[in-house]
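Since the structure comes first, as structure tokens, the remarks are kept for the end.
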Amino acid sequence: GSWPGLSAVLVLGDNQYENGALAKYQQSYGPSWGALLALTRPVPGNHEYLTAGASGYYTYFGSAAGDPAKGWYSYDLGAWHLVALNSNCAAIGGCGAGSPQQAWLEADLLANLGKCTLAYWHHPRFSSGPHGDDASTDAFWRTLYRFGADVVLNGHDHIYERFHRQTPWAVADASAPRQFTVGTGGKNHTSVVSLRPNSAFTDAATFGALRLTLQPAAYTYEFVSEAGAVLESGSTACHLRTAERALAYYSLAP
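Quick look at the structure:
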């Protein structure tokens, strides 16, 4: 169905199976989600990179996907700052502390302090699904936590999972980001294998999407099934952290 008033569509990687060949994007993705291409701000998954350099993905989405050698970029949406990251670390010079992407992320967040902030990439740092926790994006989390980011969106595991706000070392903390894993786009479902700390809600049986309403200093979320049912919802205020607050968090990381 259509969602009136839609401002952007964030696709979270593995957008097309089984690989990212351009012909597959054109033939399968195109007639479905491709209808919203003008609003789409994508990130690549591991399946995109089964096609060398994820070339089909970068060709299909064009400038919206960013530099094909990087795949990360940022933009503003209303009062919010959104950051699209590439968690295919081996393909783009790493994701760790001091990597080109992490250094860019730090500079980008520093330039956008005091805004509600949402970041998204493919491989979740925390997951109760079969892939489990993935430490390769730990530096992303540490940087986002320090600068007061609000929301993290991921895919990869074919489940829906919402976490309580938590630190990069998995301690509940209302000043930390909240992660949503939304791997419910329709390929298949996997399962909830081992419930992780701070997991708040899981669904491994529903195809659907996460609808976010980004307000000036808060957001609401609804996990909406393919049939249009709202399976869970909530609302949370933004952190709006200042430079002084961000710098103070340097001393808190274990």
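In my numbering, the protein residues as written are 1362 to 1615.
All C-beta atoms in this analysis are idealised placements derived from N, C-alpha and C, irrespective of residue type, glycine included.
Is the separation between the beta-carbon of residue i and that of residue j shorter than 8 Å?
| i | j | result |
| --- | --- | --- |
| A1382 | G1406 | no |
| K1431 | N1447 | yes |
| Y1580 | C1477 | yes |
| S1488 | D1534 | no |
| G1493 | L1373 | no |
| V1370 | L1400 | yes |
| V1553 | A1565 | yes |
If you follow the alpha helix (DSSP H) that residue i is part of, which residue opens it and which one closes it?
| i | result |
| --- | --- |
| Y1506 | D1499 to R1507 |
| W1465 | P1461 to L1471 |
| Y1421 | S1416 to F1422 |
Here's the rule I'm using: 16 or more other beta-carbon atoms within 10 Å means buried, otherwise exposed. How should residue i be labelled?
| i | result |
| --- | --- |
| E1379 | exposed |
| Q1388 | exposed |
| T1603 | exposed |
| Y1436 | exposed |
| V1532 | exposed |
| N1549 | exposed |
| P1485 | buried |
| S1560 | buried |
| G1459 | exposed |
| D1428 | exposed |
| A1384 | exposed |
| G1414 | exposed |
If distances are taken between C-alpha atoms only, which option among the options comes closest to residue i?
| i | options | result |
| --- | --- | --- |
| L1505 | H1442, G1546 and S1488 | H1442 |
| R1507 | E1522, S1536, R1486 and R1523 | S1536 |
| T1420 | V1444, G1459, G1391 and D1437 | G1391 |
| G1439 | T1574, L1592 and A1598 | T1574 |
| P1529 | L1514, D1511, F1501 and T1545 | F1501 |
| V1591 | T1597, G1475 and Y1582 | Y1582 |
| D1511 | H1519, V1554, Y1481 and A1565 | Y1481 |
| C1599 | A1566, I1520, V1513 and F1568 | V1513 |
| V1404 | S1393, S1424, K1385 and L1474 | S1424 |
| P1491 | T1412, Q1377 and T1551 | T1551 |
| T1563 | Y1521, D1534, V1554 and A1468 | Y1521 |
| G1366 | R1572, G1589, Q1540 and Q1462 | R1572 |
| Q1462 | W1433, R1402, A1452 and N1473 | W1433 |
Please name the residue or residues paired with residue i in a DSSP beta bridge.
| i | result |
| --- | --- |
| C1599 | Paired residue(s): none; C1599 is not in a bridge. |
| H1442 | D1437 and T1478 |
| L1514 | Y1481 and F1541 |
| Q1527 | A1533 |
| A1579 | Q1576 and A1598 |
| S1389 | DSSP, once it has assigned bridges, lists no residue as partnering S1389. |
| E1331 | This structure does not reach residue 1331, given that the chain is present from 1362 up to 1615, and the question cannot be answered. |
Can you tell me where the beta strand (DSSP E) holding residue i begins and where it ends?
| i | result |
| --- | --- |
| L1573 | G1569 to Q1576 |
| F1487 | No beta strand (DSSP E) contains F1487, which DSSP labels as neither H nor E. |
| S1560 | S1560 to D1564 |
Taking only beta-carbon atoms, is residue i less than 8 Å away from chain B?
| i | result |
| --- | --- |
| E1409 | The structure shown contains no chain B, having only a single protein chain. |
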